[in-house]
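Protein chains in written order, with the numbering used here: chain S, 4 to 300; chain A, 331 to 424. Quick reminder that beta carbons are idealized off the backbone N, C-alpha and C, glycines included. Please read these numbers as outputs of a predicted model, since none were measured by experiment. Below: the structure, in structure tokens.
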Amino acid sequence: MTAGEKKEYWRWQETCWIDESKNWRDAKIITAGIDVGSVSSQAVICVDGELYGYNSMRTGNNSPDSARNAINGVLEKSGMKLEDITYVIGTGYGRVNVPFAHKAITEIACHARGANYMGGNTVRTILDMGGQDCKAIHCDDKGKVTNFLMNDKCAAGTGRGMEVIADLMQIPIAELGPRSFDVDEEPEAVSSTCVVFAKSEALGLLKAGYSKNKVIAAYCQAMAERVVSLIERIGVENDFFITGGIAKNPGVVKRIEKLLGTKAVETKLDSQIAGALGAALFGYTLMQKQGASAKAA
Amino acid sequence: MIANYGYKDGSGEYYISIDTDKCTSCSAGRACLTACPKGMFETITDDYDDEVAAVKQAFRRSLAFDCSDCKPAGGYTSLPCSTACTPGAIKHSW
Ligand code: SF4
Ligand code: SF4
Chain S
4 MTAGEKKEYW RWQETCWIDE SKNWRDAKII TAGIDVGSVS SQAVICVDGE LYGYNSMRTG
64 NNSPDSARNA INGVLEKSGM KLEDITYVIG TGYGRVNVPF AHKAITEIAC HARGANYMGG
124 NTVRTILDMG GQDCKAIHCD DKGKVTNFLM NDKCAAGTGR GMEVIADLMQ IPIAELGPRS
184 FDVDEEPEAV SSTCVVFAKS EALGLLKAGY SKNKVIAAYC QAMAERVVSL IERIGVENDF
244 FITGGIAKNP GVVKRIEKLL GTKAVETKLD SQIAGALGAA LFGYTLMQKQ GASAKAA
Chain A
331 MIANYGYKDG SGEYYISIDT DKCTSCSAGR ACLTACPKGM FETITDDYDD EVAAVKQAFR
391 RSLAFDCSDC KPAGGYTSLP CSTACTPGAI KHSW
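Written out as structure tokens, the structure is:
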């Protein structure tokens, strides 16, 4: 880092991955799901209803470019062309602005379907902690939504709030969770439920002599309490699964588990791809029904 | 599916819940659309291709204010929306 260059502590790791053991050229149906969220965008490709590859990156200035950049990453890595994809479904906040999508489906339905694939068909409750909103979803054994609740009135308790705290503390976002446990005593949660007020409250705590770790712990606890109060309205039925970027933050996840008295199902897959994965799986089911005649627009 | 539209804030929980399974075979002739004086309901085709009622996006963050005329000082006995919806799909949390 050169002098005067500002370090971006909030920046989380962008990932592009393909399953080298699969050969997409042998596939009958290739589908893609594009999740353009307010903070991150993901593209997932499924071959014959199985996850083949994905790209997860930050959402840019506009939805169409973010969608193109996300899919181009997986296409380049796999040697695939957009024309090779049979059907594309857009989801997320920018879902209607995915220029090459055949259909748009809400992220609520897609996250449930993705969680059903990632966590197994025993998953019944999903907490999706996105960049700017938070959703509690119940689903059946096929991943079909039976009940949902969304909080989009305020960004507190979401990924964007965590980014703000990372920058404020000047600690890389991936380190926030582990550092939140490095305290002698668990502090009271930050009392504000608003990102803007939480920021000034966190600053106040630093000035009052709290260590950075203690402030982070207080913020993680506040975030956990906030989402738990949301999810309690529809209740938790096991198995419980968390999707979205915050699922990678153990500081929040472990506190949510403690408050709910239940453990979240673990997955080796990236929790951030759940929506795009669900969209790609929706595409596969649709193509099976229609006899796989469409090609990418 | 139970779809909960609304929010929770410092003053309380404001959710309108619609049991959309009842909407797919609505026996009330989509009465919710005309019953609400604010025109808060619309029909949408949901992600599973069923035609169901939903609360319009514009009202989802301000239900406490939008519904206040129907709930004067908490003394209401019935609400136009839930009265018109004879299948009993609409519930309010407050
Ligand atoms: S809310 Fe009630 S009246 Fe409206 S479509 Fe559904 S069942 Fe019919
Ligand atoms: S309470 Fe009144 S304003 Fe609110 S949804 Fe029902 S009919 Fe509409």
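### Query
Helix, strand or coil: how does DSSP classify Leu-2 (chain S) here?
In the structure as shown, chain S begins at 4 and stops at 300. Residue 2 (chain S) is therefore absent and cannot be evaluated.
### Query
Residue range of the beta strand (DSSP E) that Tyr-90 (chain S) falls in?
90-94 is the span of the beta strand (DSSP E), which, as asked, contains Tyr-90 (chain S).
#### Entry: For Ala-104 (chain S), three-class secondary structure by DSSP
Here Ala-104 (chain S) sits in coil by DSSP.
### Query
What is the C-beta distance between Cys-19 (chain S) and Gly-76 (chain S), in whole angstroms, given that I count them as a contact (C-beta under 8 angstroms)?
About 5 angstroms separates the two Cβ atoms, so the contact holds.
#### Entry: Rounded C-alpha distance that separates Val-382 (chain A) from Leu-179 (chain S)
Looking at the two C-alpha atoms, the distance is approximately 42 angstroms.
### Message
Is Ile-346 (chain A) a contact residue of ligand 2, with contact defined as CB to any heavy atom under 8 angstroms?
### Response
Result yes, Cβ under 8 angstroms from ligand 2.
### Task
Give the secondary structure of Phe-395 (chain A) by DSSP, where H, G and I count as helix, E and B as strand, and everything else as coil.
Three-state result, Phe-395 (chain A): helix.
### Query
Ile-420 (chain A): beta carbon under 8 angstroms from a heavy atom of ligand 1?
Yes.
### Query
If you draw a straight line from the alpha carbon of Thr-94 (chain S) to that of Gly-212 (chain S), how long is it in whole angstroms?
Going from the Cα of Thr-94 (chain S) to the Cα of Gly-212 (chain S) covers about 44 angstroms.
### Message
Tell me the rounded alpha-carbon separation between Lys-138 (chain S) and Ile-234 (chain S).
### Response
About 8 angstroms.
### Query
According to the neighbour-count rule (16 or more other Cβ atoms, all chains shown, within 10 Å of its Cβ), is Lys-266 (chain S) buried or exposed?
It is exposed - the Cβ of Lys-266 (chain S) has fewer than 16 other Cβ atoms within 10 Å.
### Query
Does the beta-carbon distance from Gly-254 (chain S) to Pro-181 (chain S) come in below 9 angstroms?
For Gly-254 (chain S) and Pro-181 (chain S), yes; Cβs fall inside 9 angstroms.
### Task
Please check if any C-beta of chain S sits within less than 9 angstroms of the C-beta of Phe-389 (chain A).
Judged by the 9 angstroms Cβ criterion, Phe-389 (chain A) is not in contact with chain S.
### Query
Along chain A, which residues have their Cβ under 7 angstroms away from the Cβ of Leu-284 (chain S)?
Correct list: empty, because the minimum Cβ distance to chain A is about 12 angstroms.
#### Entry: Thr-125 (chain S) versus Lys-10 (chain S) - alpha carbon distance
Rounded to whole angstroms, the separation of the alpha carbons of Lys-10 (chain S) and Thr-125 (chain S) is 42 angstroms.
### Task
On a CA-only basis, which of S:Leu-171, S:Ile-37, S:Asp-143 is nearest Ile-88 (chain S)? Give me that one, please.
Of S:Leu-171, S:Ile-37, S:Asp-143, the residue nearest in Cα terms is S:Ile-37.
### Task
Please go through the same chain and pick out, in chain order, the residues whose beta-carbon is closer than 8 angstroms to the beta-carbon of Ser-81 (chain S), but skip the five residues on each side of it.
The residues are Ile-21, Trp-27, Ile-48, Tyr-55, Gly-56.
### Query
Thr-34 (chain S) by DSSP, collapsed to three states: which one?
Note: Thr-34 (chain S) maps to strand in three-state DSSP.
### Helix, strand or coil at Trp-15 (chain S) [DSSP, three-state]
Trp-15 (chain S) falls in the coil class under three-state DSSP.
### Query
Which residues in the same chain have their Cβ closer than 8 angstroms to the Cβ of Ser-100 (chain S), if we skip the five residues on either side of it in sequence?
The residue asked about is misnamed: residue 100 (chain S) is Asn in this sequence, not Ser. Counting only residues of its own chain and dropping the five nearest sequence neighbours on each side, Asn-100 (chain S) has a CB closer than 8 angstroms to the CB of Val-39, Asn-65, Ser-66, Pro-67, Ala-70, Gly-93.
### Query
Heavy atom of ligand 2 less than 8 angstroms from the Cβ of Pro-410 (chain A), yes or no?
Pro-410 (chain A) Cβ: within cutoff of ligand 2.
### Query
What are the boundary residues of the beta strand (DSSP E) that Thr-350 (chain A) is part of?
First-last for Thr-350 (chain A): 350-353, but that is the alpha helix (DSSP H), not the beta strand (DSSP E).
### Query
How many Å lie between Asp-170 (chain S) and Thr-364 (chain A) at the Cα?
Roughly 49 angstroms separates the two Cα atoms.
### Query
Cβ of Met-153 (chain S) less than 9 angstroms from any chain A Cβ?
Closer than 9 angstroms to some Cβ of chain A, the Cβ of Met-153 (chain S) qualifies, so yes.
### Task
Would you list the one or two residues that DSSP bridges to Arg-61 (chain S)?
Answer is S:Ser-43, bridged to Arg-61 (chain S).
### Message
Closest to Cys-366 (chain A) by C-alpha separation, out of A:Lys-386, A:Arg-391, A:Ala-333, would be which residue?
### Response
It is A:Lys-386.
### Query
How would you list, in chain order, the residues of chain C whose beta-carbon sits under 7 angstroms from the beta-carbon of Ala-333 (chain A)?
Of the chains in the structure shown, none is chain C; the protein chains are S and A.
### Task
From the DSSP output, in three-state form, read off Trp-27 (chain S) for me.
Helix at Trp-27 (chain S).
### Message
Between Glu-372 (chain A) and chain S, is any beta-carbon pair separated by less than 9 angstroms?
### Response
Chain S, which has no Cβ nearer than 9 angstroms to the Cβ of Glu-372 (chain A), makes this no.
### Query
If we count the other Cβ atoms within 10 Å of its Cβ and call it buried at 16 or more, is Leu-78 (chain S) buried or exposed?
Buried.
### Helix, strand or coil at Ala-365 (chain A) according to DSSP, with G and I counted as helix
Ala-365 (chain A): helix per DSSP, three-state reduction.
### Message
Only counting the same chain, and skipping five residues up and downstream in sequence, which positions put a Cβ closer than 7 angstroms to that of Ala-227 (chain S)?
### Response
Excluding residues up to 5 positions away in sequence, Val-255, Arg-258, Ile-259, Leu-262 lie with their Cβ nearer than 7 angstroms to the Cβ of Ala-227 (chain S) in the same chain.
### Task
Just list the beta strand (DSSP E) runs in the segment 142-222 of chain S, keeping only unbroken ones of 3 residues or longer that don't cross its boundaries, in chain order.
Every beta strand (DSSP E) of 3 residues or more that sits fully in the segment 142-222 of chain S is shown, in chain order, as 148-154.
### Task
Run down chain A in chain order and give the residues with a C-beta less than 7 angstroms from the C-beta of Val-148 (chain S).
By Cβ distance, chain A contributes Met-331.
### Query
Less than 8 angstroms between the CB of Pro-435 (chain A) and some heavy atom of ligand 2, yes or no?
With chain A covering only 331 through 424, there is no way to say anything about residue 435 (chain A).
#### Entry: Nearest residue (CA-CA) to Val-230 (chain S), options S:Leu-152, S:Gly-286, S:Asp-242, S:Val-218
Nearest of S:Leu-152, S:Gly-286, S:Asp-242, S:Val-218 to Val-230 (chain S), Cα basis: S:Leu-152.
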